[in-house]
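Chains A and B supply the protein sequences, listed in that same order.
So for the first sequence, the working numbering puts the first residue at 6; every next one is plus one.
So for the second sequence, the working numbering puts the first residue at 6; every next one is plus one.
Right, one structure below, let's go through it.
Protein chains: 2
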Amino acid sequence: MFSIGDLSRRTGVKVPTIRYYEQMGLVAAPERSEGNQRRYGRQELERLAFIRHARDLGFAVEDIRSLIELSGHPEQPCGHADRIAGEQLISVREKIAQRQRLEAELERIASCCNGKTVGDCYVIRALSDHALCANEHG
Amino acid sequence: MFSIGDLSRRTGVKVPTIRYYEQMGLVAAPERSEGNQRRYGRQELERLAFIRHARDLGFAVEDIRSLIELSGHPEQPCGHADRIAGEQLISVREKIAQRQRLEAELERIASCCNGKTVGDCYVIRALSDHALCANEHG
DNA sequence: CTTGAAGCTCTAGTGACTAGAGCAATTACA
DNA sequence: TGTAATTGCTCTAGTCACTAGAGCTTCAAG
Numbered sequence: 006m007f008s009i010g011d012l013s014r015r016t017g018v019k020v021p022t023i024r025y026y027e028q029m030g031l032v033a034a035p036e037r038s039e040g041n042q043r044r045y046g047r048q049e050l051e052r053l054a055f056i057r058h059a060r061d062l063g064f065a066v067e068d069i070r071s072l073i074e075l076s077g078h079p080e081q082p083c084g085h086a087d088r089i090a091g092e093q094l095i096s097v098r099e100k101i102a103q104r105q106r107l108e109a110e111l112e113r114i115a116s117c118c119n120g121k122t123v124g125d126c127y128v129i130r131a132l133s134d135h136a137l138c139a140n141e142h143g
Numbered sequence: 006m007f008s009i010g011d012l013s014r015r016t017g018v019k020v021p022t023i024r025y026y027e028q029m030g031l032v033a034a035p036e037r038s039e040g041n042q043r044r045y046g047r048q049e050l051e052r053l054a055f056i057r058h059a060r061d062l063g064f065a066v067e068d069i070r071s072l073i074e075l076s077g078h079p080e081q082p083c084g085h086a087d088r089i090a091g092e093q094l095i096s097v098r099e100k101i102a103q104r105q106r107l108e109a110e111l112e113r114i115a116s117c118c119n120g121k122t123v124g125d126c127y128v129i130r131a132l133s134d135h136a137l138c139a140n141e142h143g
């Protein structure tokens, strides 16, 4: 039997976040001690680790809810789980591509400021005038 | 003189977002028509374009506030603007690196699901067991 | 038996918007 | 000039995934 603090240390999920997940229905409300404190077992620990892992991978809470739901029905075809993961992969790739465009733009902006005052600072000028951008972004 | 809708079309910033920026003090409250509608001039258009550009580049609203403040004092040294841009660059690079780790992990997870049911679905198993991860993430 | 850490509930705040209700003003066309 | 469609106004509340704080109670160690 773990306290909420134990669970937190073992999974790396912060205590208030565990309570928040309970409120959101991502984890079930656990047993309580005589003094009304939460007491968790191994099963809850595993579920929370699952959630933690999926959050680290960028899955939205709603996706995680679906994945948990699916994992409770191991006899069903796994196309749905595949689709959720595939969509997440696409979204991650899009974000990377987008951020790489920003990186290029920021590099250009931040590296060539050799003005001494704001008046001729490249950072400010580049932000004021989109025409100074080498390529499209946003 | 532009209406808020004109301004929105010209800058690509949505109408409620313009009003939100006004509320946050990022753009000044403009003149009003007799019927209490906002009327903007060229200066406001430029400022909003600046904000739009900076947001596209991922700058936080608070950073933009600083950059606007700086651009109003063109005689000051531009080290501060440089620093904001440099920090933004670092943060973008970190996010790219993080996302690339996730991409690798998700690729592995999403690509090798050849189970027919959730019971032996790699997606679910990989999320349940961190040990299946090729490398660290999160 | 006391002390200090950890737990409890509840409310409110974060960032950067977005949505909707319920009106008023403007504009285009007949 | 009439009217209908569009655009605008304010205000409140919702989004996502937490995070912070107040004010209290319980637990574990010494």
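From the three backbone atoms N, C-alpha and C, an ideal C-beta is built for every residue, glycine too.
Bear in mind that the values here come from a model prediction, so they are computed numbers and not experimental data.
- Annotation for A:H58: the continuous alpha helix (DSSP H) segment containing it runs 47-61.
- The beta carbon of B:I101 sits closer than 7 Å to some beta carbon of chain A.
- In this structure, DSSP gives A:P21 a helical state, which the three-state scheme calls helix.
- B:K100 is positioned such that its CB atom lies closer than 7 Å to that of A:R104.
- Its Cα nearest to that of A:E108, the residue B:I95 stands out among B:R106, B:I95, B:E108.
- Residue pairing for B:R44: DSSP places it in a beta bridge opposite B:E36.
- With the criterion set as a beta carbon lying under 7 Å from some beta carbon of chain B, the members of the stretch 57-89 of chain A are H58, A59, D61, L62, G63, L72, L75, S76, H78, P79, E80, Q81, P82, C83, A86, D87, in sequence order.
- In the DSSP assignment, B:S13 falls within the unbroken alpha helix (DSSP H) covering 9-16.
- Residues of chain A with a Cβ closer than 9 Å to the Cβ of B:E49 do not exist; the shortest Cβ-Cβ separation is about 14 Å.
- Between A:L53 and A:T16, the CB-CB gap stays under 7 Å.
- Within the stretch 19-50 of chain B, no residue has a Cβ lying closer than 8 Å to any Cβ of chain A.
- When secondary structure is reduced to three states using DSSP, B:G91 falls in the helix class.
- At least one C-beta of chain B is nearer than 7 Å to the C-beta of A:R104.
- Under the 10 Å beta carbon count, A:G10 is surrounded by fewer than 16 other beta carbons and is classified as exposed.
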